[in-house]
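Undergrad: Mind having a look at this structure? Questions to follow.
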Amino acid sequence: MDRRDPERPPGGESRSAWRTPEGRRLLACLGRHERLAVAFSGGVDSTLLLAAAREALEGRVLAVTAETDLQSRREVRAAAETARRLGVPQVRVRVALLARPAIARNGPARCYFCKRLLLRELGRAAARAGFAALAHGANLDDLQDIRPGLRAAREMGVAEPLIAAGLDKAAIRRLSRRLALPTWDRPAMACLASRIPYGRPLRRTELAAVERAEEFLLARGFSGVRVRHHGEVARIEARPEDLPRLAASPLREEIRRAFHGLGFAHVALDLEGYVAGSLNRILPGCARRKGGGR
C-alpha cells in the first residue's frame, strides 16, 4: 500500500539523485545565484530546473509563468499544479502576444519576437517580487535545432543552467525520473502557434480549433499528438504505433465528425507520424539540424 503523502513535493524519497554527477553539476550552477526566478511553463525542462533551484537555493526561488493566447488551457493548469506540488510560489503574468504584429504575422522569426516579449514581462514580474536574476529551461539539444527564442534569451542575459550543467533532454528525463517528478515522461510541449505554417497569420479561431482538436485526441488516450492547421485541412501527426488505431473504424469516423464540427473541411493523417519541428522544414538550414519540440 502506498502511504506517501500526496501533498509532499515529488522527489522527497529520491534525494540521492542530486548526488549523481548530473545532479551535482546542476546544483553547482544554480548555487551561484543568491535568489532566482525561473521562467516556468510546467514542461519537462523547466520543472527539473525549478525543482533543482528549490534544492540549491533552499527556497529562494520563484516560478514566473506567462499566460498567453498561444497556450492551451491544459498546460496552464498543469503548470500551476506542478508549482504547487513542488512547494514553490508562482506568479502568473498575462501577456497578449497576438497584439504584437511581429508575432501575429507568424513569420520565421516569430519565436524570436515572442521570446523577447515573454522574457521581458516575466523579468519585470520577477523584479517586482525582488528577484533580479531570471533563468529558463533551454538544454543542450536546443543548440542543435533552429531556436530563435534561444538567441533572444541570450541577448537578454537570461541564465541557462541546464546548458551550463551539460544536460540534454535524455539526461533531464533521467534525472527527473529519479526525482519522481511528474513530468519525467511528459511529451514535448510547444505553443499552439507551432501548429500553424509560417506565413499564415495567427488567428484566435484557428488556434482554438487546434486546441480543441488535440484535446479530442488526448481524451481518447493519445499522447505526443499534433494537429497542424492548413486552412481547410487538419493534418494529424501521431506516434507511428498509433496510426493504425487512428485510421480504424469507428474512431476514424468520430474524428472526422468532430474535426468537421471545428471548421475543418478535410482531415488528413500524416503517414510519417509525429515529427518534431516538421513545419521548420521550409526554413534555410533546417535539413542540417535535428527536429525540436514543435
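Mapped onto the working numbering, the consecutive letters of the sequence shown carry residue numbers 35 to 328.
C-beta atoms are modelled at their ideal positions from N, C-alpha and C, and glycine is treated no differently.
Grab me the residues of residue 200's own chain with a C-beta within less than 7 Å of its C-beta, minus the 5 sequence neighbours each way, in chain order.
TA: Cβ within range, chain order: 59 and 174.
Undergrad: With a threshold of 6 Å on Cβ separation, who are the neighbours of residue 54 within its own chain once the five nearest residues in sequence on each side are excluded?
TA: Result list for residue 54: empty, nothing under 6 Å.
Undergrad: Alpha carbon to alpha carbon, how far is residue 149 from residue 65?
TA: About 25 Å.
Undergrad: Tell me the residue span of the alpha helix (DSSP H) that contains residue 246.
TA: Unbroken alpha helix (DSSP H) run through residue 246: 238–252.
Undergrad: What does DSSP give as the partner residues of residue 170 in its beta bridges?
TA: According to DSSP, residue 170 bridges with nothing at all.
Undergrad: Go ahead and pull the three-state DSSP assignment for residue 124.
TA: Residue 124 falls in the strand class under three-state DSSP.
Undergrad: Roughly how many angstroms separate the alpha carbons of residue 194 and residue 172, rounded to a whole number?
TA: Rounded to whole angstroms, residue 194 to residue 172 spans 6 Å at the Cα level.
Undergrad: As a quick exercise: from 274, 74, 134 and 236, pick the residue whose alpha carbon is nearest that of residue 118.
TA: Taking only the C-alpha atoms, the option nearest residue 118 is 74.
Undergrad: Along the chain, where does the beta strand (DSSP E) containing residue 139 start, and where does it finish?
TA: Neither: residue 139 is in no beta strand (DSSP E) and is coded neither H nor E.
Undergrad: Assuming the contact rule is C-beta atoms closer than 8 Å, residue 98 and residue 130 should be a hit. Round their C-beta distance to whole Å, please.
TA: At roughly 17 Å, the Cβ-Cβ gap does not stay under 8 Å, so residue 98 and residue 130 are not in contact.
Undergrad: Pull up the DSSP beta-bridge partners for residue 303, would you.
TA: Bridge partners of residue 303: 270.
Undergrad: On the three-state DSSP scale, how would you describe residue 204?
TA: Helix.
Undergrad: Can you grab the Cα-Cα spacing for the pair residue 308 / residue 273, in whole Å?
TA: Residue 308 and residue 273: Cα-Cα distance of roughly 5 Å.
Undergrad: Alpha carbon to alpha carbon, how far is residue 233 from residue 112?
TA: If you take the alpha carbons of residue 233 and residue 112, they lie about 30 Å apart.
Undergrad: Spell out a yes or no on whether the segment 244–255 and the segment 292–301 are touching, meaning 3 or more CB-CB pairs, one atom from each, closer than 8 Å.
TA: Yes, the segment 244–255 is in contact with the segment 292–301.
Undergrad: Judging by CA-CA distance, which residue of 185, 219 and 238 is the nearest neighbour of residue 132?
TA: Of the candidates 185, 219 and 238, the one whose C-alpha sits nearest the C-alpha of residue 132 is 238.
Undergrad: If you draw a straight line from the C-alpha of residue 224 to the C-alpha of residue 230, how long is it?
TA: Between residue 224 and residue 230, the C-alpha separation is close to 12 Å.
Undergrad: Work out the CA separation of residue 266 and residue 214 for me, nearest whole Å.
TA: If you take the alpha carbons of residue 214 and residue 266, they lie about 42 Å apart.
Undergrad: Thinking residue 151 and residue 120 are a contact (beta carbons under 8 Å), I'd like their distance in whole angstroms, please.
TA: Residue 151 to residue 120, Cβ: 26 Å. No contact.
Undergrad: Using a threshold of 9 Å, state whether the C-beta atoms of residue 77 and residue 114 are closer than that.
TA: Against a cut-off of 9 Å, the Cβ pair of residue 114 and residue 77 comes out as no contact.
Undergrad: What's the call for residue 19, buried or exposed, on a 16-neighbour Cβ count within 10 Å?
TA: One cannot answer for residue 19 here, as it falls past the ends of the chain, which runs 35 to 328.
Undergrad: Across which residues does DSSP place residue 81 in a beta bridge pair?
TA: Its beta-bridge partners do not exist; DSSP assigns none.
Undergrad: Between the C-alpha atoms of residue 216 and residue 140, what's the straight-line distance to the nearest angstrom?
TA: Roughly 32 Å separates the two Cα atoms.
Undergrad: On the DSSP bridge assignment, give the partners of residue 98 in chain order.
TA: Residue 98 is bridged to 73 and 125.
Undergrad: Whole angstroms are fine: how far does the CA of residue 211 sit from the CA of residue 30?
TA: The structure shown does not extend to residue 30, since the chain is modelled only from 35 through 328, so no value can be given for it.
Undergrad: For residue 264, report the span of its beta strand (DSSP E) as first-last.
TA: Start and end: 260–264.
Undergrad: Count the other C-beta atoms from every protein chain shown that fall within 10 angstroms of the C-beta of residue 170, then say buried if there are 16 or more, exposed otherwise.
TA: Result: buried.
Undergrad: Pop quiz: residue 126 and residue 137 are said to be a contact at Cβ under 8 Å. What is the actual Cβ separation, rounded to whole angstroms?
TA: Residue 126 to residue 137, Cβ: 20 Å. No contact.
Undergrad: Could you give the distance in angstroms between the alpha-carbon of residue 36 and the alpha-carbon of residue 191?
TA: Confidence is the limiting factor: at residue 36 the pLDDT is only 35, short of 50, which leaves the residue's position unreliable, though a coordinate-based value still follows. Each residue's Cα considered, the two are about 44 Å apart.
Undergrad: Tell me the DSSP secondary structure of residue 292 in three-state form.
TA: Residue 292 falls in the helix class under three-state DSSP.
Undergrad: Counting only the same chain and skipping the five closest in sequence on each side, list residues whose C-beta sits under 6 Å from that of residue 69.
TA: 94 and 165.
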